[in-house]
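All residue numbers for the sequence shown refer to this note's numbering, where the first residue is 1279 and numbers rise by one. Glycine included, C-beta positions come from ideal geometry on N, C-alpha and C.
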Amino acid sequence: MMIDKIAVMNEARARHRADRDTEVRNQAELLFEKYKDDPLFVAGVMLYWAEGTRISKSSTNRKYQLALTNSNPELLEVYCNFLRKYFGDIELNLRMALYIYQDIDELSTKSFWSARLRVPLDQFIKTQILPSRAVLTKNKLSHGICCLYLNGKDYCLRMETWIKNISDYMRG
């Protein structure tokens, strides 16, 4: 008897989630039609499509996350502007991580990226410190590599929809 109630509740939750996902995708379709010719919108979707990593739900991981990693501050500024304009109030769900070499100062690097991308220092997660490459390369990444994470299923569903739509739109 109790197992039947649990099964019914699980089915209802699954239907509710599916309905909500459909609603988010439908809203994303409408936003795409509104912004498909806006250069910042197109640039942001294309940047993520080309450089981003989508971490989505699996049997062991219930985390949905958009991640974009790069060493170019201008590229990440454009992407942050895109996120803020088209995803709305993202600040509580936005995180940053740094990958730096041993010979780079962590605090000054965090301050650089924080100021550049307008993300508070308390939204940085653990910095990964890598062995120095100074003897291997002339090109030094003076500010390391920055990874932006935006956590949330709705963001992932919207981006997934926009990538599909922009792909169809650009190919004619």
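Task: Cα-Cα separation between residue 1306 and residue 1372, rounded to whole angstroms - done: 20 Å
Open item on the list: Can you give me the C-alpha to C-alpha distance between residue 1290 and residue 1296, rounded to a whole angstrom?
Closed with: 10 Å
Open item on the list: In this structure, how does DSSP classify residue 1439 when only helix, strand and coil are distinguished?
Closed with: helix
Task: Same chain only: Cβ atoms within 7 Å of residue 1299, ignoring 5 sequence neighbours per side - done: 1435
Open item on the list: Distance check for residue 1355 and residue 1396, CA to CA, integer angstroms please.
Closed with: 9 Å
Task: Identity of the residues DSSP links to residue 1379 by a beta bridge - done: 1408
- [ ] Out of 1320, 1398, 1381, state which residue places its alpha-carbon closest to the alpha-carbon of residue 1448.
- [x] 1320
Open item on the list: I need the straight-line Cα distance from residue 1363 to residue 1313, nearest angstrom please.
Closed with: 11 Å
TODO: Using a threshold of 9 Å, state whether the C-beta atoms of residue 1426 and residue 1361 are closer than that.
DONE: yes
Task: Whole-angstrom distance between residue 1408 and residue 1388, CA atom to CA atom - done: 15 Å
Task: Spatially closest choice to residue 1441 from 1301, 1403, 1344, by CA coordinates - done: 1344
TODO: Might you give, ordered along the chain, the residues of its own chain that have their beta carbon closer than 6 Å to the beta carbon of residue 1403, omitting 5 neighbours on each side?
DONE: 1373, 1375
Open item on the list: Please identify the residue among 1377, 1308, 1432 whose C-alpha is closest to the C-alpha of residue 1368.
Closed with: 1432
Open item on the list: So, for residue 1337: in the same chain, excluding its five sequence neighbours on each side, which residues have a beta-carbon less than 6 Å away from its beta-carbon?
Closed with: Its pLDDT being 49, under 50, residue 1337 is placed unreliably in this model, and the value from its coordinates should be taken loosely. Result list for residue 1337: empty, nothing under 6 Å.
Open item on the list: Please give me, in chain order, every unbroken run of the beta strand (DSSP E) with length at least 3 that falls completely inside the segment 1297-1345.
Closed with: 1330-1333
- [ ] Taking residue 1429 as part of the beta strand (DSSP E), name the residues at either end of that continuous run.
- [x] 1423-1429
Open item on the list: Helix, strand or coil, according to DSSP, for residue 1419 in the structure here?
Closed with: coil
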